[in-house]
Structures are given as structure tokens and as C-alpha cells.
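For reference, the structure is listed below as C-alpha cells.
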Amino acid sequence: MNTMNKLIEHLEEVTVRFAGDSGDGMQLIGTQFSDTAGFAGNEVNTFPDYPSEIRAPEGTLYGVSAFQVHFGSKNIHTSGDFVDVLVAMNAASLKVNLAHVREQGIIIVNAEGFDDRNLKLAGYTNNPLEDGSLAKFNVFPIEMNKELKKAFIEVDTPTKLVQKTRNIFALGITYWLFNRPLEATVNWINKKFKGKEDVIMANVHALQGGWNFAEKNPDFRKQFIIDKSELPPGKYRSITGNQAVALGLVVAATKAHLPLFLGSYPITPATDILHAISGYKKYGVKHLQAEDEIAGITSAIGAAFGGSLAVTTTSGPGLSLKTEAIGLAIMTELPLIIVDVMRAGPSTGLPTKTEQSDLMQAMYGRHGEAPMPVLAAASSADCFDMTLEAARIALKYMTPVMLLTDGYIGQASEPWRIPEIDKLPEIAPQFAQDAATFKPYLRNPETLARQWAIPGMQGMEHRIGGLEKEDGSGVVSHDPMNHQKMVELRQKKVDGIANDIPELEVIGEQEGDLLLLSWGSTYGAAKTAVEHLQAQGHNISYAHLRYLNPFPKNLGDVLHKFDRIVIPELNLGQLKNLIQAKYVKRVMGINKVQGKPFKAVELEEKLLTLISMRDIKKWPANKKEDLPVDL
Amino acid sequence: MLEKPHSGESKYTSKDFKPDVDVRWCAGCGAISVLSPAQRLMPELGIPKEKIVFISGIGCSGRFPYYMDTYGFHGIHGRALPIASGLKIARPDLSVWVVTGDGDNMSIGGNHFIHACRRNVDMNVLMFNNEVYSLTKGQYSPTSHRGQITKSSPLGALDDPFNPVALALGASATFVARGHDKDRAQLQQLLLKASQHKGFSFVEIYTNCRIFNDGAFDLYTNAESRDDHTVWLEHDKPLVFGKNKEKGIKLEGFTPTIIDLTEGGNSINDVLVHNEKDSTLAFILANMTYSETLPRPMGTLQNLDERSSYEDRVVEQIQHEVETKGIGNLESLLLGGSYWEIK
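Have a look at this one:
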């Protein structure tokens, strides 16, 4: 127990990636590591990267499950471009993840996961731990089962139980590496295994055992210290986008004094919202796990007709199935929140991987003229705010609202400053007041929202449905001019929301050469890239869109103040096309469809190219041959 | 069970449920024959009319809510049941009625139907069965018989039909009945019974389509032939039929057979007595439907009341949670399992 020989190095930010078989418990220790980083006062951003298979055969490349944690003392907006420390539990997880590790990075491996069988499954002809191929990394091969056994030598614990704590042992080693407190994880173990004293003991012992192993091991010579972040005071927790949506829904219902109803069907990567909501019974929340996606949304429409804050949650394929029902909600002008946690498509696509390719569907994916507000959350924590915003707009304007998140921010976590509920604004539903004058399609002259009369309100019995209705009275009408009027009214109502949302904010110069415009989950990488470039003295401005329909009303002005606009998207240019069409302004796209979020460094490199090209050739908006349209 | 009428408006008449709109179904449409029993039934329910909701899908039946002066929702094709389920789960205080058709409910909405049956949300489902798609002007439906000539089966339909009541029983519906459009008083009684059943009530109603499938049910519904070709199922009553109740149904093993009560050897004691609480019997009776020799079963096939309704279970689960864990504290929900404080 002599720490005298150990060195200490201070770092501003670090990325750690835990990788192993699907059954190795990597998601669990990744989450613990992340929570502990938050607990220790750091900024954190994480990303789970797991296969579609639930328990793929052991040792295979396609069975590798990983969890990445990026933490530091400031400006942590992404889950990290390169891995500084990789924990790999077998040969396959090393092979799959090695490309992420930076040179001189630390690789902690379970050497027992490199036997002949594992090497063969991973497709290694030689053992990479022995053939010198890892020379440019700092490799720490550890026989984890053996060391674990040693750690338990004086404790009477069944071997089976000991073996189950191998991931916790590995976590203990990483905690030593970053001199992290064990407290948060010990508390979690106590809570998680309450009543099972032997399991608690084994896990706590393994955690401490991992720490002690590194402490005593002469190969581990250096500890890394990451200073606390300067965050605004308050209570914080780690939160994923899906958790934030679930909490946002409960808070929104409370603020609107409405019961909450969720109609949903399980689909990756949105199901965690259903999981969370289904556990909120003591908050009076009702949910229906429906027989399919269509029943998910139509049950929500039924609940909305009955006066609930109604919600349906889904991902791409489910959204496709819901489109007809969304049209019904638009026609009946009922408040409804549709959360689409986007994933890589088309069709089943890459179910566990992220993409931003449902934007066009969110905007236009319905028959008929069917406008609806579309919002997009910028980060995991922002999912909470945007859920409240979706509820506010849905209830104030009597309209379904689409909230776009994606597989990345849905599952990635970051610290969230927990709001004080009393300080959040109230949400006022547009209930009809007067039976004597009530007509179902009478509108509020300002918002154009119709009144909401729900069953049980005496004297306001009325019928609505998917057929076109006469303006005001709501009687079924096939009158040509009435249809024109109603189509335009529905459009005008949605367009008018632009007066009720924040204007687009530009960070950096307010006019000039180059504006980077991002939306949704690209926020983190875009912001990091621009911060780096601005810090290097480059002239680039930045803006982020959270409102996609309607756009902020100053968007056109902003766009026309810059010579060049570039939009990074995890699709082939959907926002780019919308903006070019609406504002008649040429836009360049940076497009990635690999099932993965942007790395900040990817954007930085492309933006640097753009910045340098300005000196060579200015790009007038009307000369298309001067610049590549996409990078 | 049902709520008491509220003080001010306890005495409705059927007129209170007729909105000021023209009924646009074709003259002689079977649906019209369901509308008036439904309007006459409403005052009997003892429920304030603002607490009654009619929900429909698409098809000729879909217009029904417009003709009831209650709350109403005309949904999209096949989706009346999930709309109604969401409403009833969110609002157990309401009396929820679904009006659907053989296309709407058996075809595009078939998946919702079987799940609604097993889920047992308390609602009353009236399925107008005319064995044809009428609103799209005459194609065969999932209840059209094999060989039926329609616009989309000019050489005869190749499909075998669903037997809706057997499908409902197979999907665990608790109340399953069949009526028709030619006896309004009887139909009204059937609807009343459905409404009194707590849980999912399914009533298949033979409704004649004069335009695209005229006379499809004449044998079973016309006054002159129906006594010989249908048997009316009533709890605890023997299964007798014929103009003078001279025939009866007897079970030979699990097989229903017809016996002639005027013959010396047979007596009323040999006749099967209906038990609407017996699921096995309900299946046997339901399967008489397409028999060429047996009368078609009408009335209540099954009426089980021991299964709690879904929306009650939802409420019970919430109450149990609140009782055992206390009412949810939003602040602690937001704090979650572990949080930290920065000062």
C-alpha cells in the first residue's frame, strides 16, 4: 500500500470505453463510471454502443457491447472522438474497438479473453498481446479471473458469485486510474441488491479489489486527475434523452393539470420511455402497451379526446405506421405528442444505430395538406425542456406535435441540472368554457386553436372525426370553399407558432462568411467543433435549430447575413433541402449516414477546409460551380 | 357499474339523442334499423348524455356517431377499438360505444379486435355485418361467403369467411351476442344487456345492405322464415325453435343435433338448456353458425362476469401503488436514484 511511487497527471478531459461480450455487463459499469464522474463534479457525456442481438454468441465480433464515457472539467458536449482508455474483456472487443483508441492510449485487457478460442472467434491469427501489434499503445494485460480469485482468497464466497463480479473488478481498476471515489457505486450496489447481503458483499469487495489490484501493481504507475467542472450550482443527475422525455411528460401533465396517457408499442431505441412511464403508476400516469404502433397512437388520440395529455412514442418504422393516425389528430385538432427516437433506416435499417433521417417524414410524411409542429431536442438533457415545449404547443394550439430525438441522445447520458418544479411555467389547456356559445371548431382569434370540449362537459356534446368539417360549426362539409378555408386555417395555425417560439441565436459574428447551422443531436459535435475553431481565431459563426416547423421567424434574416451556410446532418441533406426551398439560399451539407453521431473532429476538419477555400475562391450564392455543394 | 343519472336531466327521451342532421344512409339500410333502438335505449341507461361517447371507424357504419346526439368520434379505418380503448382507460367514468362493420372490424381492424376482446376494456361494440364492403361500392368482405359474387369477385369469392362470434370467443371476449335488424325491440333488449355487462361486449348485428347484398340474411331475419332457421339463445332456457317451438337442439356428445318435439320419444327435457356462463357451450353454439342443417344461433352466446375490466385493473394498480408507496413525489422522481449537488 505504498502510493509514494505513483505519479499524478492532471487532464482536462478523458474518454473511457468499456467493451466486452453482450453478457459481460459493460453497459452497467459504463453507467456506474459515468455516474461517478458526475458525482465527482465533472461534466460527462456517454454513449452506449450495443449490438441488435440480445446475447450474441460469446466471443464473437458481432456480440461486442460497448459503453463510452467522455468526461472532463469543461466543454463536454459529445461522447468523445477518440478513446484514451479502452477496457476490453476479450479479443473480439479489442478488435472491434481498437480503431477508436488514440496513440499512446491505455488498453486494459482481460488476458484470459485471449485464449485460442477467443482469438479464433475474433479472427486473430496471432495473439495481439504478444505479437507487438499494440506497440503504440500502453497495454495492461490482466488475468482478471485469477486476480479476482486472489482478491477473494480470505473471503468465503461461492466461486460462481465471484465470477459474476468481474466487471465490477474491472470498474475498480478504472476508478483507481482516475482516483475516483467508490462511494456512488457502493451506494448503488447497496440499493440494487438490497436484502441480498452476500451479493452486496461480493460486489463491494470486487470493486475495492480492483482498486487495490491497481494500487499494488507496479505496472500501474500513474493516476490521472480531472478537476471539477465549474457548473452552475444546483442538484444534478445523469440522464439519458429517453429518461428526460419520460420525466418531461410527467412534469408537463402536472403543469397542465391533466392526466397523462401513453399509448405505445415497444421499438428500439424508444422503448426506454415506455419502460419509464410504465413504472410511474404512483404519479397517476396511465399507459397502454398496445397491440401495434397504430393502436399506440390511436389509443392516445382517444385519450386526448377524453382530456388527457396524450402521448405516443416510437422510432422510424413505427412512425411510418402511425402516419395515417397523425393525419386524424391534425384533422380533429386534438393535442397529442408524438416522440420519434430516430434510428437508421430505411425499413428495419440499423435498429440500434442513430440517424436524423426522419425529418422529411416528420414534416411531410402524411397524405393531404397535413402540417404539424416539429421540434428537435439538442441533447439528452434538452429532451426534458423540449418535451415540455411540445406539450405547451400541443395544448395551446390544439395540435399534434412531433418531437424528434434520436438513438444517440435517447440513450446517451449527460448531467442534468434538476429543475425546481415550482419555477417551471404553468401550461394552460384551451378548454371550452361556455356551452351556450360552444361550437367545436370555433377558434381563438390569436392562436387559431379550436376549443377543447371533452366528454362530461354538459351541453357541449359534439362529433368530430377525419372528415372535413365546416369552419366553426364542425359539421361534416364537402363544400369546396370551406375545404380551401380549413386547409389554409390549419396551415396558418401552425405557421403562427413562429411568433411564440424563441428566435434563432447566432453564436459568434452576427454576419459574415460562414455559418454552421445544426439541428437535433448534432448540437454537441457542432458546438465543440466551432468552439475549437473560434478559439484558434477562425471566423465562423454558429446557430442551432430546435424548432423545425415552424422555423424561428428570424431564420431567413440570419441565413441571408452569411455568404455561406453549412449544415451537418446524419442524413443526405434533409434540413438542407427544406432550407434551400424555403429561403432560396444555397446551402452546403456535411452528411454522414453510418449509424454513428458526428465526431467533433470530423466537423472541424471539414470546416477548416471550407474556411481555407474562402481565400482561394469566394462563393457567390448564384454561382453553383464555385464550390462543392456537399463536403 | 353504471353511473346514476344526474339530477337535472334524469328524464331523457329518445328525441334527446337525435341530433339535427339528416340520416344519409340509403333507404332501407339495416343500419337505420339499429339507430332507433340505440336512440331509444339511451334514456334507459340512466347516464347523463354528456358521458356517453359513440366511436366508429370507416364504412357505412362509420356515420353512426353523427346520428347520436352524444359525444362522438368518427375515426379512421379499422381503428375505432383502440381509440375507444384509450378513451375508456383514460376516462372510466364514460359509457363508451363502438360502431363498426365487418370490413372495418374483421379485416383492417382485425388485430385490434382480437386484442380488444382479450383485454376486456368495458365498452359495447356493435358490429354491423352486411357481408360486403358497401361504402367502397360492393367488394367481398371477410364475412362474405365462399363463392359470393361481388364487384371484386365476379367469378365468386375464394375466401372462407370469419365467423365473428366464434372469433370473439376464441379471443376471450366476455360478452358475445348476435342480433339482427328486423326485430328492433329484440335488438334493443340485446343492446341493453350488452351495456349492462361490465367488460368488453361484442354484438354482431346482421344488417341488410339493400344496394350491394340485398337479402343476404332473409332466411334468418324475415318473419316468415326466421323461426325455422334461427334459435334464440336465452340463459337458462331450452334451445327450442320453429314456428310453434316444435323443434329443439340436443347435444350428442359435443355435437348439436335437431330433435322433433312433436315425436313421441322426444321431450323438452331432452333439449339443451342454454348457459351463458359456460364458455365450452358457447363455442359449440357459435360453431353452429355456418351449418347447413342447424338453425343459426342468435341472442347471447356468452356472458361472463368474473373477469375484471382492463380499465379497472389500471385504476387498481395505481391505487395499490399509491397505498403501498405513497402518492408520487415529483421532486424525488426528478432526483432519481442518485444525484449530486454543486454549491
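Those protein sequence lines, which keep their order, are chains A and B. Its first residue numbered 41, the first sequence is counted upward by one per residue in my numbering. Its first residue numbered -8, the second sequence is counted upward by one per residue in my numbering. Where is the CB? At the ideal position from N, CA and C, for every residue including glycine.
- In whole angstroms, what separates the C-alpha of lysine 658 (chain A) from that of arginine 604 (chain A)? With a pLDDT of only 49 at lysine 658 (chain A), under 50, the local geometry of the prediction cannot be trusted, and the value read off the model is given with reservation. Cα to Cα, the separation comes out at about 9 Å.
- Contact set between glutamate 364 (chain A) and chain B, taken where Cβ atoms lie within less than 9 Å: Ile67, His68 and Arg70
- Message: Going by DSSP in three states, phenylalanine 58 (chain A) sits in which element: helix, strand or coil?
- Response: strand
- At least one CB of chain B closer than 7 Å to the CB of tyrosine 276 (chain A): is that the case? yes
- Between glutamate -6 (chain B) and chain A, is there a C-beta pair that is closer than 7 Å? Legend: pLDDT at glutamate -6 (chain B) = 42, less than 50; position of this residue unreliable, no value from coordinates given.
- Item | Alpha carbon of lysine 9 (chain B) to alpha carbon of methionine 33 (chain B), nearest angstrom | 11 Å
- Message: Residues of the region 462 to 481 of chain A in Cβ contact with chain B at a cutoff of 8 Å, in chain order, please.
- Response: none
- Task: Jot down the residue ranges of each uninterrupted beta strand (DSSP E) in the region 264 to 305 of chain B, minimum 3 residues, whole runs only, in chain order.
- Result: 287 to 294
- To which residues does DSSP link methionine 336 (chain B) through a beta bridge? Coverage of chain B is limited to positions -8 through 334, which leaves residue 336 (chain B) absent and any answer about it impossible.
- Item | Cβ-Cβ distance between glutamate 183 (chain A) and alanine 151 (chain A) below 7 Å | yes
- Could you have a look at valine 167 (chain A) and say whether DSSP puts it in helix, strand or coil? Here residue 167 (chain A) is asparagine; the residue named in the question, valine, does not match the sequence. Of the three classes helix, strand and coil, the one that applies to asparagine 167 (chain A) here is coil, per DSSP.
- Message: Quick check: alanine 296 (chain A) and phenylalanine 424 (chain A), are their CB atoms within less than 7 Å of each other?
- Response: no
- Item | Beta-bridge pairing of histidine 171 (chain B) - partner residues as DSSP gives them | B:Tyr197
- For isoleucine 461 (chain A), count neighbouring Cβ atoms within 10 angstroms of its own Cβ and tell me buried if that reaches 16, exposed if not. exposed
- Beta-carbon contacts of leucine 169 (chain A) that lie in its chain and below 6 Å, excluding the five residues immediately before and after: Phe154 and Pro181
- Message: Starting from tyrosine 582 (chain A), trace the beta strand (DSSP E) in both directions and tell me its first and last residue.
- Response: 581 to 585
- Roughly how many angstroms separate the alpha carbons of isoleucine 433 (chain A) and leucine 374 (chain A), rounded to a whole number? 11 Å
- What residues from chain A crowd round proline 133 (chain B), counting only those whose CB sits closer than 9 Å? Residues of chain A passing the Cβ test: none, with the nearest at roughly 18 Å.
- Going by beta carbon distance, what residues of the same chain come within less than 6 Å of alanine 159 (chain B), once the five residues before and after it are set aside? Cys108, Val167 and Phe193
- Task: Tell me whether methionine 521 (chain A) is buried or exposed, calling it buried when 16 or more other Cβ atoms sit within 10 Å of its Cβ.
- Result: exposed
- Whose C-beta lies closer than 7 Å to the C-beta of isoleucine 504 (chain A) among residues of the same chain, with five residues either side of it excluded? Thr372, Pro480 and Gly514
- Query: Is alanine 22 (chain B) close to chain A, meaning its C-beta is less than 7 Å from at least one C-beta of that chain?
  - Reply: no
- Report the rounded CA-to-CA distance for arginine 383 (chain A) versus glycine 63 (chain A), giving the unit in angstroms. 24 Å
- By how many angstroms is the C-alpha of leucine 289 (chain A) removed from the C-alpha of isoleucine 494 (chain A)? 21 Å
- Mind checking if glutamate 331 (chain A) is an interface residue toward chain B, Cβ cutoff 7 Å exclusive? yes
- Query: Residues of chain B with CB under 8 Å from leucine 599 (chain A), in chain order?
  - Reply: Near leucine 599 (chain A) there are no residues of chain B at all, since even the closest Cβ is about 38 Å away, more than 8 Å.
- Message: Tell me which residues share the same chain as glycine 69 (chain B) and place their Cβ nearer than 7 Å to its Cβ, disregarding the 5 neighbours each side in the sequence.
- Response: Gly48, Asp95, Ile99, Gly100 and His103
- Smallest Cα separation from glutamate 501 (chain A): which of A:Thr311, A:Ile317 and A:Trp492? A:Trp492
- Start and end residues, alpha helix (DSSP H) containing proline 357 (chain A): 356 to 372
- Message: Please tell me whether phenylalanine 153 (chain B) and methionine 97 (chain B) are closer than 7 Å, where the distance is taken between their beta carbons.
- Response: yes
- Quick one: what does DSSP say tyrosine 323 (chain A) is sitting in, helix, strand or coil? helix
- Query: Is it buried or exposed for leucine 544 (chain A), if we count other Cβ within 10 angstroms and need 16 for buried?
  - Reply: buried
- Is any beta-carbon of chain A found at less than 7 Å from that of aspartate 60 (chain B)? yes
- Task: Tell me the start and end of each unbroken beta strand (DSSP E) in the region 476 to 546 of chain A that is at least 3 residues and wholly inside, in chain order.
- Result: 503 to 505
- Task: Check the Cβ-Cβ distances between glycine 447 (chain A) and every residue of chain B, and say whether any is below 7 Å.
- Result: no
- Touching or not, the region 79 to 89 of chain B and the region 321 to 339 of chain A, by the rule of three or more beta carbon pairs under 8 Å? yes
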